[in-house]
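Just so you know, the protein sequences line up as chains A and B, in that order.
Residue numbering for the first sequence follows full-length UniProt numbering, beginning at 1 and increasing consecutively.
Residue numbering for the second sequence follows full-length UniProt numbering, beginning at 1 and increasing consecutively.
Number of protein chains: 2
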Amino acid sequence: MREEELTAAVSIRDLANAIRVLSIDAVEAAKSGHPGMPMGMADAAAVLFGRHLKFDSSEPGWPDRDRFVLSNGHGSMLLYSLLHLTGYEDMTIEQVRNFRQWGSKTPGHPEYGHTAGVETTTGPLGQGIASAVGMAIAERRLSTEFGAALVDHRTYVFCGDGCLMEGVGQEAASLAGHLQLGKLIVLYDDNSITIDGSTAIAFSEDVLARFDAYGWHTQRVDGHDPDAIDAAISQAKTEGSRPSLIALKTIIGYGSPSRAGTSSVHGAPLGASEAAATKAVYGWTADTFEIPAPILKTWREVGAKGAKARKDWQARLEAAGADVRSEFERRTAGSLPARYEEAVNAAKAKLLDKPQSVATRKASQIALEALTELLPEMIGGSADLTHSNLTRVPAVDSDFTAAASGRYVSYGVREFAMAAAMNGMAAHGGVIPYGGTFLVFSDYCRNAIRVAALMGVRSIFVMTHDSIGLGEDGPTHQPVEHLASLRAMPNLHVFRPADTIETLECWDLAITSKNTPSVLALSRQNVPQLRAQRDGINRCARGAYVLREASSERAVTIIATGTEVALAIQAADELEARNVPAAVVSMPSWDLFEQQPKDYRSSVLGNAPRIAVEALSKFGWTRYVDSEDDVIGMSGFGASAPAETLYEQFGITGDAIVTRALARIRGKQ
Amino acid sequence: MREEELTAAVSIRDLANAIRVLSIDAVEAAKSGHPGMPMGMADAAAVLFGRHLKFDSSEPGWPDRDRFVLSNGHGSMLLYSLLHLTGYEDMTIEQVRNFRQWGSKTPGHPEYGHTAGVETTTGPLGQGIASAVGMAIAERRLSTEFGAALVDHRTYVFCGDGCLMEGVGQEAASLAGHLQLGKLIVLYDDNSITIDGSTAIAFSEDVLARFDAYGWHTQRVDGHDPDAIDAAISQAKTEGSRPSLIALKTIIGYGSPSRAGTSSVHGAPLGASEAAATKAVYGWTADTFEIPAPILKTWREVGAKGAKARKDWQARLEAAGADVRSEFERRTAGSLPARYEEAVNAAKAKLLDKPQSVATRKASQIALEALTELLPEMIGGSADLTHSNLTRVPAVDSDFTAAASGRYVSYGVREFAMAAAMNGMAAHGGVIPYGGTFLVFSDYCRNAIRVAALMGVRSIFVMTHDSIGLGEDGPTHQPVEHLASLRAMPNLHVFRPADTIETLECWDLAITSKNTPSVLALSRQNVPQLRAQRDGINRCARGAYVLREASSERAVTIIATGTEVALAIQAADELEARNVPAAVVSMPSWDLFEQQPKDYRSSVLGNAPRIAVEALSKFGWTRYVDSEDDVIGMSGFGASAPAETLYEQFGITGDAIVTRALARIRGKQ
């Protein structure tokens, strides 16, 4: 919609002021929140939504819509104002009035899955940009698969100084430049203010020069000049290859007579009198939470203007033929092909026919070989550890680069950007991202794993070298506390499979868990194949199961995960040889086990004394055993030495299990 | 030492080749390791150590030595070779032969505190640069305090592409440019190779232009031309303000006939025949692990050449007078002033005289006010949350900027660089760094906290907004799993104090823990002051203690931390009113509690049923209670609403404690 098309007497500035006053009013009502950013970026938002963004508020899920990411998520009222003004059904004025209140659609920071029109959860700074990079990757991949008639949209980002200071934002920008994601356009709220005051306190670099160095197209314009913003966005859209950064010189808290341009307007209500004074500056006379009819009408027209494009797109989808359409719809719905289960069973049968004693990272590669062929939505990658993570398999052996849109992303040594980009890919839809690094470096991307869990998206993190068993690289590279710390995270599957079969089963669970991300903790070292049943049951689905029952009534139950399950069996053999009936429970997923009925859990855990074995921190195991004395595991950091030496030196041995089991049976606590 | 001064017939290239062959031999013997980087950077190392680095191998701890940080720590054999060649006493050839073996001084990645001459633990990429930034900050601060006669040294870094791709490396570079740390010189191993192959796969930016944009001085030279390297380092040393990046165009695995310049030489032994062929290229005929006498002699001269500078420095220290000398020695030894304990007691007395019901973040500010005055070594800071973390107090109210070297660092929105820089400051010595962010963003800097724990340095992380109690900002900002995940980390104090007194006590413990970093989890919301004893005992030192004993034999024990201790007392009051004797245990530190004798622990925990209360994840509490049913806490993520609403909605209330306590007393499991 061009300026001249707007309803007479309604200017872009009026549209922008509507965002401003809604934001002011909502923050006032909540008595908390961040008015400064919406007030500063309202002009840019009005131009972007009014003239450029391809969307239809009546169909928030239209797959070919442009994506809008508010990376500086604390400015959530900007987004909620836009959703309300453009007519998103759920975003009533009541919701805006209930900003930051229990049960509202308007939480302090935008939450994906909670509020229609929110494309990704933001607030933890820098990750919005990285997610947007993932969205742009997904768009280009899908466009290559389905053609530009069905997939041809842009990803727009609003971000602030914080997002550009954060490492994850820098990693993502570097990656986007490398991949030449030309349809990514970032509008940078260059307001020279951060929470602690002027950005000069901590941020004095030449941001545009940095982005130039990354291979971006950069512009700088007055963020309160609608025509200049419009021209810059238009220019950015003509950029075929380079991603675009538009630095908007803005005034935070624009219009506030005493607070504009200061950090005091960043994260606190204006207060009644300053709010009134600010509205006077805008020439705004309507009541609180009221939008004058002509302005609201124009905004609603903005929200509806994409309907034609959407219908044209729908017609193209229908014209593409039943096969294309059903595949496209399957993909965007995130459902799996009919033959999926069959493929899993076939892969399992193959492993049962020809058992393999391999590392579980290798087992993961075998599983990926079986599944990626059938699932074109799977997009692999690694943070520069492809040959260690074993994430590249034939079906995905085509690179996603500046020049090509294959199925494998070399993320570089950028774990955090990788994980956040994966979340963006998953949120975009149409693809299932998986990406690898070492388990110890889950630390580097931990908050992106958390955001995936909070969003409920299907990001699959392949984390190899999952214990002291990695050996010589030493304690900097040996995860110890990592499994415990990931198990503590809500809505995250943490899998530590014991052999090829369990690894396949865990992959199956990760892929079928549409609303829960997964971490697969996989070994560097080899393990025997332990499972032999051909009953087609995914035993990992219950989180834990009796891998081997005791010869008679249990005297002890040994619970183990991953590489230590084989050790548990060894110990059970030894105990049985001494006439001590010992059961072995394999527990690849605590979270799934916790979801089982009490009866099942009790039957697995049994009433006999329990010993747990895991070559990582003992922390958390008291959920299943009486005390940490009953855990054969790590109490401190690892060390640099061959794996066998480490197991021996740290006392994670069959003998240690037997000794402790016998002590417990004899009644020692 | 200039080229012409070297022992006749021993060239820089000979010195470099000694590093190369030791690295090759050690990796061969270990059958694992990373030969490529030492082979590529040996020339630069020989020039830096031979001609520029100020050090004395006979006194690794000399405070005014230049610092050398191997940020690409996988190339550890480069450093171990240098330490051996220059004559560090502990680094015998036997240690080199035992590379990556149990008990050796030569672990897979360099470990601070484990091996003399290793300035900081590296391996997790990017953090070496960030630590070096911290060292340069510490140097400039100490130089301002004690004068250039006593403190005037440089910080040199070797890094690779990975360090520059990592977000933490980018944050650190941005910060160093902002602070104009002119004595920081980074030598970048620009070998165009990463683990997955050519850097072109994932890293195509203009690195020098990026560093220019950060405000660095940049140069590019041939990394195998000793004179060019020498000239570049000399040039960098003349830079008064800008930090320097010298990109060295190198060949990874330099000299290896079939592997040089490829990723195959990055992380695997050459193999016997390739090793032999490589040595032939070097013209190296000595036996394995043998260094020809003239070369070793020259290297030993390099290691001893700093002795004179060190002695001159020692003379200046003595000439500075007894007061300066004793203060300088106290500071570098990391010990506390004689009046320290008195100051803590005085601060406590003041709080007891005038109890305050404030947030524990405010209590932390009160503690800091009392302690920073007396401890000039304390350097504060925050990742752009000063007014939320309350980390700035009068004694540190002087900024560390490009122009000044005060006691407060505005780290910007760069949590990871902040934490890693703090580790570098702590490892440098002479300062005690503390820095703030929100507890939820411990995720962003988690691996730096881990490296602090592994190194055993006194970094103090001030992490406020420590539960759902932060309210409206919502689940993205509400830590849930964070306490559990930090408690799982070895050698880390995790403190969650309950009131002003406990907060002071925890600060005291953090400051007196020379070899353990601390996380202080602090509240946004107010709590009553609970403690009243004037016995001068730091009760937090034992990790947990009976804050209030039951009126008669305990029917139940309520264990709580932080803001929930007051809730536990409320519940205990209610139970006592119903004639149920209830004790309240405050447990500010699990790790310290675990270090107590069993008798003490048993006496605190008691034999009655136990209920735990904490407004975060229940994970881990089974260490102290029978099951998670006995934990009044969080099972999922939080939500956006006022704090009181959240406590109510998530059932973290006095009533819930009472109800569960009564159920347990009545025998329900």
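We put the beta carbon where it would ideally sit given N, CA and C, even for glycine.
Computed from a predicted model, the values in this text were never measured in an experiment.
Around Asp206/A, the beta-carbon contacts reaching into chain B at under 9 Å are Asp212, Ala213, Tyr214, Gly215.
For Gln127/B, the closest C-alpha among the options Val580/B, Val168/B, Asp190/B, Ile295/B is that of Val168/B.
Close CB contacts of Val409/A within its chain, under the 6 Å cut and outside five residues either way in sequence, are with Gly381, Phe400 (chain order). Look at Asp25/B: its C-beta is not under 8 Å from any C-beta on chain A. Look at the stretch 192-206 of chain A: the residues with a C-beta under 7 Å from a C-beta of chain B are Thr194, Ile195, Asp196, Ile201, Ala202, Phe203, Ser204, Glu205, Asp206. Taking a beta-carbon distance threshold of 8 Å, His153/A does not count as an interface residue toward chain B.
Within chain B, the residues whose beta carbon sits less than 7 Å from that of Tyr444/A are Asn447, listed in sequence order.
For the 8 Å CB-CB criterion, Val480/A and Ser617/A form a contact.
A Cβ-Cβ separation of about 34 Å leaves Tyr545/B out of contact with Asn447/A under the 8 Å criterion. Contact residues of the stretch 228-248 of chain A toward chain B are absent (C-beta to C-beta distance below 8 Å). Within 10 angstroms of the beta-carbon of Pro257/A lie fewer than 16 other beta-carbons, which makes it exposed. In the three-state scheme derived from DSSP, where H, G and I count as helix and E and B as strand, Ala639/B is classed as coil.
The C-alpha of Glu329/B lies about 46 Å from the C-alpha of Val265/A.
One alpha carbon belongs to Ala286/A, the other to Ser23/A, and they sit about 14 Å apart. Nearest to Arg310/B by alpha-carbon distance, out of Ala663/B, Ile246/B, Lys54/B, Gly469/B, is Lys54/B. Counting C-beta pairs closer than 8 Å gives fewer than three between the stretch 205-215 of chain A and the stretch 383-403 of chain B, which falls short of the contact rule. Contact check between the stretch 570-583 of chain B and the stretch 656-665 of chain B: three or more CB pairs, one atom from each, fall below 8 Å, which counts as touching. The C-alpha of Ser11/B is placed about 59 Å away from the C-alpha of Ala427/A. Annotation for Gln356/A: Thr500, Gln529 place their beta carbon closer than 7 Å to its own, counting only its chain and skipping 5 residues before and after.
In the structure shown, the three-state DSSP call for Val302/A is helix. Between the stretch 82-97 of chain A and the stretch 114-122 of chain A, the count of Cβ pairs shorter than 8 Å is three or higher; the stretches touch. Residue range 127-146 is occupied by the alpha helix (DSSP H) that includes Ile129/A, with no beta strand (DSSP E) assigned at that position. If you look at Ser518/B, you'll find it in the beta strand (DSSP E) that goes 518-522. Residues of chain A with a Cβ closer than 8 Å to the Cβ of Ala30/B are, in chain order, Glu472.
By alpha-carbon distance to Ala176/A, the top candidate from Asn191/A, Val157/A, Asp189/A is Val157/A. Taking a cut-off of 8 Å on C-beta distances, the stretch 403-418 of chain A does not touch the stretch 183-196 of chain A, as fewer than three cross pairs fall below it. The secondary-structure analysis by DSSP pairs Tyr408/A across a beta bridge with Gly380/A, Asp399/A.
Distance from Leu78/B to Ala45/B at the Cβ level is roughly 6 Å; contact confirmed, criterion being Cβ atoms closer than 8 Å. Closest by C-alpha distance to Ala172/A, out of Trp299/A, Val133/A, Pro226/A, Phe49/A, is Val133/A. Apart from sequence neighbours up to five positions away, the residues of its chain that approach Ser640/A with a beta-carbon distance below 6 Å are Glu472, Gly474, ordered along the chain. In the three-state scheme derived from DSSP, where H, G and I count as helix and E and B as strand, Glu327/B is classed as helix.
The beta-carbon separation of His482/A and Val440/A, rounded to 6 Å, stays under the 8 Å limit for a contact. If the five residues before and after Gly87/B are omitted, its C-beta is found closer than 6 Å to the C-beta atoms of Ser57, Arg300, Gly303, all from its own chain and listed in chain order. Taking all protein chains in view, the Cβ of Arg339/B is surrounded by fewer than 16 other Cβ atoms within 10 Å, so the residue is classified as exposed. For Ala130/A, same chain residues with a beta-carbon under 6 Å away, outside a window of 5 residues either side, are Val168, Ala172, Ala417, Ala420, Ala421 in chain order. Proximity of chain B to His465/A at the Cβ level (cut-off 8 Å) is not reached, the minimal Cβ distance being about 12 Å.
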